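Input: a single structure, listed below in structure tokens.
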Amino acid sequence: MASGILLRFAGFSETITLECELGILNFKANRELVKDLMTPNFLNTVSAPAIYSNTLRLVELWKLKAKKAGGLPFQADKDINMATFDIIKEVALGEGDSENTTEAYIKIIHQPGAQT
Numbered sequence: 001m002a003s004g005i006l007l008r009f010a011g012f013s014e015t016i017t018l019e020c021e022l023g024i025l026n027f028k029a030n031r032e033l034v035k036d037l038m039t040p041n042f043l044n045t046v047s048a049p050a051i052y053s054n055t056l057r058l059v060e061l062w063k064l065k066a067k068k069a070g071g072l073p074f075q076a077d078k079d080i081n082m083a084t085f086d087i088i089k090e091v092a093l094g095e096g097d098s099e100n101t102t103e104a105y106i107k108i109i110h111q112p113g114a115q116t
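Each residue of the sequence shown is one higher than the one before, counting from 1 in full-length UniProt numbering.
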């Protein structure tokens, strides 16, 4: 690491070369870490069901919000962020329904007087 710092001050071309070499090494290491996450078996048995179930929850949430909004527009970007977080958490950590943020929000909206 110290040689990398010295190269940054030594000249422009050496810095680019070092960063490119480190970038390639980092890419290879990262690719090795995630290679099993892209197999057809993992995608079909873990990722796809998580994406599907969380998308259904998102649609349910939007139906509730649309009903409560009475035809007026409502904010949806945070809902997409929550659903994406839920999908990543379920796929990466195996934590599904018990700690689902979209499901928790649906329960809140079902309460009387809840705001969208």
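Glycine included, C-beta positions come from ideal geometry on N, C-alpha and C. Here the structure is a predicted model, which means the values were calculated and not measured.
(request) Go through its chain and collect everything with a Cβ distance to T42's Cβ below 8 Å, but skip five positions before and after it. (result) To locate residue 42, count along the sequence shown from 1; it is residue 42. The sequence given here has Phe at residue 42, not Thr. Contacts found: D36.
(request) Alpha carbon to alpha carbon, how far is E32 from L58? Give it in angstroms, no decimals. (result) The residue you call residue 58 lines up with position 58 of the sequence shown. The residue you call residue 32 lines up with position 32 of the sequence shown. Rounded to the nearest angstrom, the two C-alpha atoms are 32 Å apart.
(request) Starting from V46, follow the alpha helix (DSSP H) in both directions and report where the run begins and ends. (result) Reading the sequence shown from its first residue, position 46 is the one you call residue 46. Here V46 belongs to no alpha helix (DSSP H), and DSSP marks it neither H nor E.
(message) Residues in the same chain with beta-carbon distance under 6 Å from A83, minus the five sequence neighbours each way, listed in chain order, please.
(response) For this step, residue 83 is matched to residue 83 along the sequence shown. Hits under 6 Å: N54, L58, T102.
(request) Would you decide whether V34 is buried or exposed? Buried here means 16 or more other CB atoms lie within 10 Å of its CB. (result) Residue 34 sits at position 34 when you count from the first residue of the sequence shown. It counts as exposed.
(message) By alpha-carbon positions, which one of I51, G70, G113 ends up nearest to D86?
(response) Counting from 1 along the sequence shown, the entry for residue 86 is found at position 86. With distances taken between Cα atoms, D86 lies closest to I51.
(request) Drop a sphere of 10 angstroms on the beta-carbon of K78, count the other beta-carbons inside from all chains shown, and report buried for 16 or more, exposed for fewer. (result) Here the question's residue 78 lines up with position 78 in the sequence shown. So K78 counts as exposed.
(message) Going by DSSP, what residue range makes up the alpha helix (DSSP H) through K107?
(response) The residue labelled residue 107 in the question sits at position 107 within the sequence shown. That run of the alpha helix (DSSP H) goes 101-110.
(message) Tell me the DSSP secondary structure of L72 in three-state form.
(response) Along the sequence shown, one-based indexing puts residue 72 at 72. DSSP places L72 in coil when its eight states are reduced to three.
(message) So for T84, helix, strand or coil by DSSP?
(response) Here the question's residue 84 lines up with position 84 in the sequence shown. Helix, per DSSP.
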